[in-house]
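Since the structure comes first, as structure tokens, the remarks are kept for the end.
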Amino acid sequence: MERYDGLSIARSDDLVFGRCPRPLHVGGLVIGGGIVYPELNFTLPPMPVTGQTMPQVRDEYQQMADDACARACALQVPGLVLELELLPELTREPEWGAQVTAILRERLDAYRSSHGLVSALRVTPSDIRDFVRPPLMRAGREWERMVRSFGLCAQAGADMLAIESTGGKEIHDDALLDGDLGGALFALGVLACRDMAFLWDMIVDVARRRHVIAAGDTACGFGNTAMMLAGSRYIPRVWAAVIRVMTVPRSLVAYERGAVGPSKDCAYEGPFLKAITGYPISMEGAEAACAHPSPVGNIAKAAADLWSNESVQNVKLLGGMAPTVSMEQLAYATRLMNVASANAKAVELRDWLVESDAALDPQAYILRPDVVFELAGQIIAEPTPYLRTRRAALAALQVLRGAASQGAITLPHAEQRWLARLSAQAEQLPEDEDSFIEQAVSQIDRRKVNLDQYDLAVVT
Amino acid sequence: MAVLDELREAVIDGQAKLAVAKATQGLEQGIPAEVLLQDGLIAAMREVGRLFEEGEIYVPEMLVAARAMKATVAVLKPRLIEHSVQSSGTVAIGTVQGDLHDIGKNLVAMMLEGSGFEVVDLGTDVPPERFIDAIRAGADVVGMSALLTTTMTSMKDVVDAITAAGLRDQVRVIVGGAPITAKYAAQIGADGYAPDASKAVRKVRELLAV
Chain Z
0 MERYDGLSIA RSDDLVFGRC PRPLHVGGLV IGGGIVYPEL NFTLPPMPVT
50 GQTMPQVRDE YQQMADDACA RACALQVPGL VLELELLPEL TREPEWGAQV
100 TAILRERLDA YRSSHGLVSA LRVTPSDIRD FVRPPLMRAG REWERMVRSF
150 GLCAQAGADM LAIESTGGKE IHDDALLDGD LGGALFALGV LACRDMAFLW
200 DMIVDVARRR HVIAAGDTAC GFGNTAMMLA GSRYIPRVWA AVIRVMTVPR
250 SLVAYERGAV GPSKDCAYEG PFLKAITGYP ISMEGAEAAC AHPSPVGNIA
300 KAAADLWSNE SVQNVKLLGG MAPTVSMEQL AYATRLMNVA SANAKAVELR
350 DWLVESDAAL DPQAYILRPD VVFELAGQII AEPTPYLRTR RAALAALQVL
400 RGAASQGAIT LPHAEQRWLA RLSAQAEQLP EDEDSFIEQA VSQIDRRKVN
450 LDQYDLAVVT
Chain X
0 MAVLDELREA VIDGQAKLAV AKATQGLEQG IPAEVLLQDG LIAAMREVGR
50 LFEEGEIYVP EMLVAARAMK ATVAVLKPRL IEHSVQSSGT VAIGTVQGDL
100 HDIGKNLVAM MLEGSGFEVV DLGTDVPPER FIDAIRAGAD VVGMSALLTT
150 TMTSMKDVVD AITAAGLRDQ VRVIVGGAPI TAKYAAQIGA DGYAPDASKA
200 VRKVRELLAV
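Those protein sequences? They're chains Z and X, same order as listed. Residue numbering for the first sequence follows numbering that gives the first Met the number 0, starting at 0 and increasing by one per position. Residue numbering for the second sequence follows numbering that gives the first Met the number 0, starting at 0 and increasing by one per position.
Now the structure itself:
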């Protein structure tokens with residue numbers, strides 16, 4: 000198990016796109032070695048996934064990969080990562096997911112042979128454990144299917160394995176909507192961190208046996224759920240920003256158990272992970288508007304080593320099929336970043352990207368490289384996942400209060416009220432984890448969670 | 000009637016115990032339960048809705064207000080039943096089969112409850128037959144949610160199943176979720192589509208003419 004107790008990057012100016020202290024070599028790519036590569040993700044158009052439709056499903060994926068690779072070659076990208084995010088059906092039937100993996104592997108290999116396209120394939124099985132409610136995290140049919148999916152996909156040609164795991168989400172969703180900081184801390188700092196340790200031991204074991212890379216795990220179900228809710232004005236933006244920082248210790252657990260990156264594209268906690276671990280990250284932003292809106296479209300590029308479109312349906316646009324259009328957008332976005340690097344202007348471009356977003360939303364502000372550097376340093380100085388998550392909340396709130404008082408961000412009255420309210424809640428969070436758990440367990444809806452799945456049987 | 004003002008204030012502030020106390024006081028003063036419901040609770044939630052629409056408050060504040068209302072309705076319910084006062088309608092809501100995403104669905108359920116509807120939350124990964132059972136149990140509206148392009152097609156299965164069961168004339172169907180559009184709703188034979196939770200409430204009101 001790798002222990003992290005400090006930052007891997009010496010100063011915030013070293014937190015820049017395309018470069019990291021521990022680059023990864025895969026499929027001829029050197030991720031984090033100076034070049035930002037596009038990472039393309041795509042999904043099916045509206046259609047059911049069943050045994051009857053699987054021939055069409057396979058055809059869709061083959062066509063998407065073919066067209067995207069052809070466009071990547073035409074635009075002379077320096078390399079390409081394809082991500083296959085398995086739909087729930089393709090994870091619940093592990094052989095189906097492996098069939099699609101094999102198709103993408105074959106297409107990437109064909110373009111490597113015919114056009115010299117260097118590439119790698121990331122496969123991300125779906126976390127299907129919460130098909131059972133309350134979720135069974137460590138046993139049962141869904142767990143077994145998911146484990147089998149990881150193994151078969153690695154065997155079928157994945158270079159990297161990743162996941163958007165959901166441990167703790169059954170409690171976090173309510174905490175988010177209730178504006179309950181203690182509930183979020185329990186979900187992220189207690190439940191999610193424990194689940195990550197268990198889950199990632201399995202993924203790292205599969206990866207080692209199959210000689211593939213254990214990449215990373217995004218807190219999408221937590222941080223991006225908050226971002227979407229804030230985008231719809233359902234929750235305050237300051238709350239979503241605090242949640243984002245609180246996801247860092249949870250996602251870091253994967254690295255402590257053996258993950259080596261690149262982190263998942265939708266893990267906007269990636270810059271913090273890069274600062275701490277030194278491993279490369281994937282990010283998404285402006286070119287992911289095809290999948291979802293965000294207030295961080297440019298600033299998300301600041302520290303990216305892979306730049307992604309998140310996901311796009313295979314539908315026809317005037318410019319071609321949507322995944323091919325995304326491929327082109329990513330090619331141009333990364334080309335600009337790489338030209339800046341080649342001209343020793345990466346930090347200058349980074350700072351423009353940062354400046355264009357940072358003052359407009361607290362969720363963007365907390366992604367400023369200097370802020371990431373400061374917060375990551377405070378988080379990693381704490382010894383346990385619980386204390387790190389608690390520190391993440393306290394430090395993020397302090398940073399946001401400072402930014403608001405200095406006019407670095409402008410918050411409307413309702414946001415300011417919530418910043419004060421969350422700060423008051425944060426003062427009540429105890430340092431002692433056991434007493435916190437005891438208090439939290441008495442307040443949560445016990446019908447929604449199997450505490451024994453998180454090593455918490457003792458306190459039940 | 001000062002007690003009505005105080006009841007409204009308590010609900011808007013999300014103070015459940017105070018709201019229950021004020022409703023009880025109102026009943027003791029001889030104010031009809033229906034008046035306490037309409038001019039107290041529902042009026043308060045209408046104001047909460049206005050504050051939300053204008054960006055003055057967020058869902059967490061709406062939730063505590065809705066909970067205060069729910070606790071108070073429980074106190075009024077025996078009197079309301081006594082006087083045959085009906086709820087605005089019953090909505091059975093669920094995320095369709097194969098899909099586990101439920102935050103959007105939960106928000107719609109919460110806002111419907113806060114607007115005086117009875118809500119039967121069927122949960123996630125809901126097969127067509129459970130929607131049918133809910134209609135047979137008295138649902139006036141079926142609400143379906145989906146986030147994935149591969150599960151949205153289940154919505155049509157549900158509409159078809161409702162039709163095949165001979166229940167289509169006695170229920171309204173509303174759909175929503177990231178990949179859903181008004182056009183898709185029309186294609187599958189739904190009665191309505193809503194792009195977000197507050198518009199879902201408006202659509203349900205419109206469909207039930209309440």
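In this text, a Cβ means the ideal position worked out from N, Cα and C, and glycines have one as well.
With 16 other Cβ atoms within 10 Å as the buried cut-off, status of residue i
i: residue 34(X); result: exposed
i: residue 459(Z); result: Summary for residue 459(Z): the model assigns pLDDT 45, below 50, so the residue's position carries little reliability; its value from the coordinates is reported in the next sentence. With fewer than 16 other Cβ atoms within 10 Å, it is exposed.
i: residue 331(Z); result: exposed
i: residue 115(X); result: buried
i: residue 304(Z); result: buried
i: residue 11(X); result: buried
i: residue 82(Z); result: buried
i: residue 128(X); result: exposed
i: residue 342(Z); result: exposed
i: residue 146(X); result: buried
i: residue 234(Z); result: buried
i: residue 182(X); result: exposed
C-beta neighbour in chain X for residue i, strict 8 Å
i: residue 237(Z); result: no
i: residue 240(Z); result: no
i: residue 53(Z); result: no
i: residue 22(Z); result: no
i: residue 130(Z); result: yes
i: residue 459(Z); result: Annotation note: pLDDT 45 at residue 459(Z) (below 50); position unreliable, coordinate value reported separately. So, not an interface residue.
i: residue 399(Z); result: no
i: residue 137(Z); result: no
i: residue 216(Z); result: no
Test: residue i CB closer than 8 Å to a CB of chain Z
i: residue 58(X); result: yes
i: residue 152(X); result: yes
i: residue 122(X); result: yes
i: residue 111(X); result: no
i: residue 35(X); result: no
i: residue 11(X); result: no
i: residue 55(X); result: yes
i: residue 106(X); result: yes
i: residue 146(X); result: no
i: residue 40(X); result: no
i: residue 166(X); result: no
i: residue 26(X); result: no
i: residue 3(X); result: no
i: residue 17(X); result: no
Same chain, Cβ closer than 8 Å to residue i, five either side skipped, listed in chain order
i: residue 210(Z); result: none
i: residue 107(X); result: 92, 142, 144, 175, 193, 196, 199, 200
Cβ neighbours of residue i in the same chain (closer than 6 Å, five flanking residues each side left out)
i: residue 151(Z); result: 93, 97
i: residue 137(X); result: 89
i: residue 318(Z); result: 324
i: residue 161(X); result: 167
i: residue 72(Z); result: 114, 116
Contact list for residue i against chain C, beta-carbon separation under 7 Å
i: residue 47(Z); result: Here the protein chains are Z and X, and chain C is not one of them.
Same chain, Cβ closer than 7 Å to residue i, five either side skipped, listed in chain order
i: residue 125(Z); result: 85, 86, 87, 90
i: residue 70(X); result: 15, 18, 19
i: residue 300(Z); result: 16, 282, 284, 306, 336, 352
i: residue 360(Z); result: 236, 294
Contacting positions in the region 308-338 of chain Z - beta carbon closer than 8 Å to chain X: 312
The region 307-315 of chain Z contacting the region 337-345 of chain Z, beta-carbon criterion three pairs below 8 Å: no
Residues, ordered as in the chain, of the region 175-192 of chain Z that lie near chain X by beta-carbon distance below 9 Å: 175, 176, 177, 178, 179
Any 3 or more C-beta pairs closer than 8 Å across the region 186-206 of chain X and the region 159-173 of chain X: yes
Under 7 Å (Cβ pairs) to chain X, residues found in the region 280-306 of chain Z: none
Three or more C-beta pairs below 8 Å linking the region 16-31 of chain Z and the region 235-244 of chain Z: no
Contact list for the region 177-203 of chain X against chain Z, Cβ threshold 7 Å: 178, 195
Validate contact between the region 150-163 of chain X and the region 184-197 of chain X using beta carbons, cut 8 Å, 3 pairs: yes
Sufficient close CB pairs (3 or more, under 8 Å) joining the region 252-265 of chain Z to the region 233-241 of chain Z: no
Where the region 382-397 of chain Z meets chain X: residues whose CB sits under 8 Å from a CB there: none
Chain X contacts from the region 156-167 of chain Z (Cβ-Cβ distance under 8 Å): none
Selection of the region 73-101 of chain X by Cβ proximity to chain Z, strictly under 7 Å: 97, 99
Validate contact between the region 75-92 of chain X and the region 128-137 of chain X using beta carbons, cut 8 Å, 3 pairs: yes
Three or more C-beta pairs below 8 Å linking the region 173-187 of chain Z and the region 124-140 of chain Z: no
contact_flag[the region 100-108 of chain X, the region 46-62 of chain Z] where n(CB pairs < 8 Å) is 3 or more: no
Meets three-Cβ-pair contact criterion under 8 Å: the region 192-211 of chain Z and the region 389-402 of chain Z: no
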